[in-house]
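Take 218 as the starting number for the sequence shown in the working numbering and just add one per residue.
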Amino acid sequence: MEKITLEELKMNSRSEMLTFLKKLWKGEGAPCPLCGSGLELLHKKAKKSDCDWQCRNCGKVIRTLDLLDRINQQT
């Protein structure tokens, strides 16, 4: 599993990115921004954290807190 970078997400604005992250944090889930398939929690059993998500189809891991840090560094 490879960690996704901010540049790979193909999102046009900061608000679009924040909306995507908020959906994940609320547990609503969202489609993978790269391939469109559904995202799953990375830690289902032991940790049950809504901060890390993965796409089973393309194998990418979305670490939401890392992405948020990168967004904040850009502004």
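Even for Gly, the Cβ is constructed at its ideal location relative to N, Cα and C.
- prompt: Does DSSP classify Asp269 as helix, strand or coil?
  reply: In the sequence shown, residue 269 corresponds to position 52, counting from 1. Judged by DSSP in its simplified three-state form, Asp269 adopts strand.
query: By how many angstroms is the C-alpha of Leu259 removed from the C-alpha of Cys275?
result: The residue labelled residue 275 in the question sits at position 58 within the sequence shown. The residue labelled residue 259 in the question sits at position 42 within the sequence shown. Annotation: Cys275 to Leu259 spans about 14 Å, alpha carbon to alpha carbon.
Element boundaries [beta strand (DSSP E), containing Ile279]: In the sequence shown, counting from the first residue as 1, residue 279 sits at position 62. Per DSSP, the unbroken beta strand (DSSP E) holding Ile279 starts and ends at 277–280.
field: Cutoff 6 Å; reference Asn228; Cβ partners in own chain excluding five residues on either side
entry: In the sequence shown, the residue the question calls residue 228 occupies position 11. It is Met, not Asn, that sits at residue 228 in the sequence shown. Counting only residues of its own chain and dropping the five nearest sequence neighbours on each side, Met228 has a CB closer than 6 Å to the CB of Met234.
Reference Ala247; option with closest CA among Ile288, Asp267, Ser230: Taking the first residue of the sequence shown as position 1, residue 247 is located at position 30. The option with the nearest alpha carbon to Ala247 is Asp267.
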